[in-house]
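Here's the structure we're looking at; comments come further down.
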Amino acid sequence: MKQSIAVLLVSCLLFLSSSASVSAEKWSKLPTPQWTQGTGSEYLEVKRDIHVLPNKKTVYMHMQDEKVYTKVWPYDTLKAIDLDTGKIKWTYHFYKAGIGYFNTENSFLYAPNGTVYAYFEWGNVLFSIHASGKENWMIQLPEQGKMHLMKDGTLLHIVSTSSKAGEETSTVYGYNKEGKQIFKKLIKGTVAKVSDTLIIVENHSASYTDFKADIYNSSMNRVFRYSFPQGSYTDLSYSLLLSNGNIIFRANLNKTGNRLIALSSKGKVLWGRDIPGNSEIVAAGDNYMVYLNKTVSLYNTKGLVAKRTFSNLNTEIQIYPLAEITGDDNILLNLRTAQYVLDQKKLSVLQEFVLNDTDAEIIYYNDNTVFSHFEKANKIAKYELK
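With mature numbering (1 follows the signal peptide of the UniProt record, and there is no 0) applied, the sequence shown covers -23 to -1, 1 to 363.
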C-alpha cells in the first residue's frame, strides 16, 4: 500500500514538473506557408505594414501597384485578404486620374471598425476607406505633417511651424471620422511622442539646459507639465507611453547620469530608476523592457519582473529592440537578427525564430499564427505553427 502511494506521489510530481516547464520551439526554417501575397515584382514594394482583424477574418496589406502604360510612378494600394484562404476580398487603388499617384513609407492608420486612414505627404491628402473597400472621403490638408489616430476616433495632423531653438512651435489640426476639421491649435514646443490617448510635447531653453514635458489629450488640452531638474538633458522622442497610461521619460541627470522617470497619466511621479547609458528601452504593454549586451530585462511599476539572456544572438549589427503584446497576451520581441515570443511573467521563450532566410522577418504572432515579411521578395506569408 505504501509503495503504491509512493509511486502515485512520484507520478504526480513528474506530471506537475513537466506541465510547469516551458519548452521553446526553435525555428531556423518555417514550415510551408498556408498562403502568400505579394506584388510579383522586384521593384513594387510590399510594406511591412499589416493589420489583422480576427473577428472579420481579414488582414489588411499595404502594397504598391502600377498602371499598365507606365512603370515610372508606382502607387500604393490597400488590399483586404481573407485570413484563412489568402484570397483577395477587395483592393483600393490610391490613384486619382488627373490628380496623381499616391505613395508613402508611413503605415496606414486602422480603426477598430475596419476603417482605414491613409495619409500621403505628396499632395497632403488624407483618405478614409470603408471596411467594404469603398472610399468614404478624401480631403486636402493645409500643410505637410504627421497623422495620428486617437482612441476616441479623433485624427490629429501635427505640423512643425517653427524649429528655432527654444522657440519651437507646432500647429495641430483635429479632424473627426467624417473628415471635418474640429479644431486648430498652435502650441509651444515640438511634438515628441504620440500614443492613442496622450501627446508628449518637448519644450526647452535655447541653451538646452532647461527641459519641460507638456502632456496633452486628444483635444489638445494640456493635462500636466513636468519640469526636469535644472541642467539635465533629455530627448522626449525616446519616451515610452505604456498601455495603462503611464509615461516613462529618459534623461541624463547631472549627478546620477541616465535615469528613467515614471509618471501616471495625471502627472504623479511614480518612481525613478538609474539605467546604463548604453542600454535601449522599449514599451511592452503595461510594462517596459531594457536591452543591454544580449540581455533583456522586464520591469513593472514595482521593479524587475524577469531577465533573459540570448547568448547566441547575432550582434554584428546594432540592436534596436521592438516589442508588442500579442493577441494571446505574450510578448513578440524583435531583436533584428532574431524574433522571440516570450511569456510576460518569467520571459520564458515560447517561440524562437532565427531564420536561415535573412530576408524573412516575423512581424505578427498570435496563438501559433505567424506572418513573415520578405522585403527583397516583396511578399508576405502566413504560417500555422504546430
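For glycine and all other residues, C-beta sits at the position ideal for the given N, C-alpha and C.
Compute the Euclidean distance between the alpha carbons of residue 315 and residue 363, then round it to the nearest angstrom.
-> 20 Å
Q. Which two residues bound the contiguous beta strand (DSSP E) that contains residue 370?
A. Nothing about residue 370 can be read from this structure; the chain reaches only from -23 to 363.
- prompt: Would you report the Cα separation of residue 272 and residue 317, rounded to the nearest angstrom?
  reply: 13 Å
Consult DSSP for residue 105 and reduce its assignment to one of helix, strand or coil.
strand
Quiz item: How about residue 102 and residue 37: are their beta carbons less than 8 Å apart?
Solution: no
Indicate the three-state DSSP secondary structure (helix, strand or coil) for residue 276 in the structure shown. strand
- Task: Could you tell me the distance, in whole angstroms, from the CA atom of residue 67 to the CA atom of residue 58?
- Result: 7 Å
*Alpha carbon to alpha carbon, how far is residue 250 from residue 287?*
24 Å
Do we get a CB-CB distance below 8 Å when we pair residue 207 with the residues of chain C?
No chain C is present in this structure, which holds just one protein chain.
Separation of residue 267 from residue 343, as counted between CA atoms = 23 Å
Open item on the list: Quick check on residue 96: buried or exposed, where buried means 16 or more other Cβ atoms within 10 Å of its Cβ?
Closed with: buried
| query | Exposed or buried, residue 70, counting other C-beta atoms within 10 Å across all chains shown (16 or more means buried)? | reply | exposed
| Taking just the CA atoms, how far does residue 156 sit from residue 104? | 9 Å
(Q) Considering only the alpha carbon of each residue, which of 325, 106, 256 and 208 lies closest to residue 183? (A) 208
Quiz item: Residue ranges of each beta strand (DSSP E) run of no fewer than 3 residues wholly in the stretch 194 to 246, ordered along the chain?
Solution: 199 to 204, 224 to 230 and 234 to 240
Fill in: The beta strand (DSSP E) enclosing residue 184, as first and last residue numbers
Residue 184 -> no beta strand (DSSP E), and no H or E assigned at all.
**Message:** Can you give me the C-alpha to C-alpha distance between residue 285 and residue 321, rounded to a whole angstrom?
**Reply:** 12 Å
Q: With a 10 Å radius around its C-beta and 16 neighbouring C-beta atoms as the bar for buried, classify residue 211 as buried or exposed.
A: buried
**Distance between residue 172 and residue 306 (C-alpha atoms, nearest Å)** = 20 Å
- Query: Taking DSSP as the reference, what is the three-state secondary structure of residue 289?
  - Reply: coil
Taking 8 Å as the threshold (C-beta atoms), are residue 42 and residue 52 in contact? yes
Legend entry - Rounded separation between residue 109 and residue 39 - CA only: 16 Å
Between the CA atoms of residue 44 and residue 10 - distance to the nearest angstrom:
30 Å
When you compare each of 126, 195 and 91 to residue 111 by their alpha carbons, which one comes out closest? 91
Check your understanding: CB residue 338 to CB residue 349, shorter than 8 Å?
Key -> yes
Next item on the list: State the Cα-Cα distance for the pair residue 127 and residue 192, rounded to the nearest angstrom.
Entry: 15 Å
Thinking just about the alpha-carbon of each residue, which of 159, 181, 162 and 130 is nearest to the one in residue 169? 181
Between which residues of its own chain and residue 3 is the CB-CB distance below 7 Å, once the five residues before and five after are set aside?
329
By how many angstroms is the C-alpha of residue 358 removed from the C-alpha of residue 280? 38 Å
- prompt: How many whole angstroms separate the CB atoms of residue 323 and residue 283, which I take to be in contact at a CB cut-off of 8 Å?
  reply: 5 Å
* To do: Pick helix, strand or coil for residue 255, following the three-state DSSP scheme.
  => coil
- Between the C-alpha atoms of residue 153 and residue 85, what's the straight-line distance to the nearest angstrom? 17 Å
Using a threshold of 7 Å, is the CB atom of residue 166 nearer than that to any non-hydrogen atom of the ligand FMN? With respect to the ligand FMN, the structure offers nothing, as it holds no ligand at all.
Quiz item: Do the CB positions of residue 236 and residue 258 come within less than 8 Å of each other?
Solution: no
- Message: Please classify residue 176 as buried or exposed, where buried requires at least 16 other C-beta atoms within 10 Å of its C-beta.
- Response: buried
Quiz prompt | Supposed contact pair residue 22 and residue 311 - C-beta distance, whole angstroms, cut 8 Å | solution = Not confirmed; about 20 Å, so no contact.
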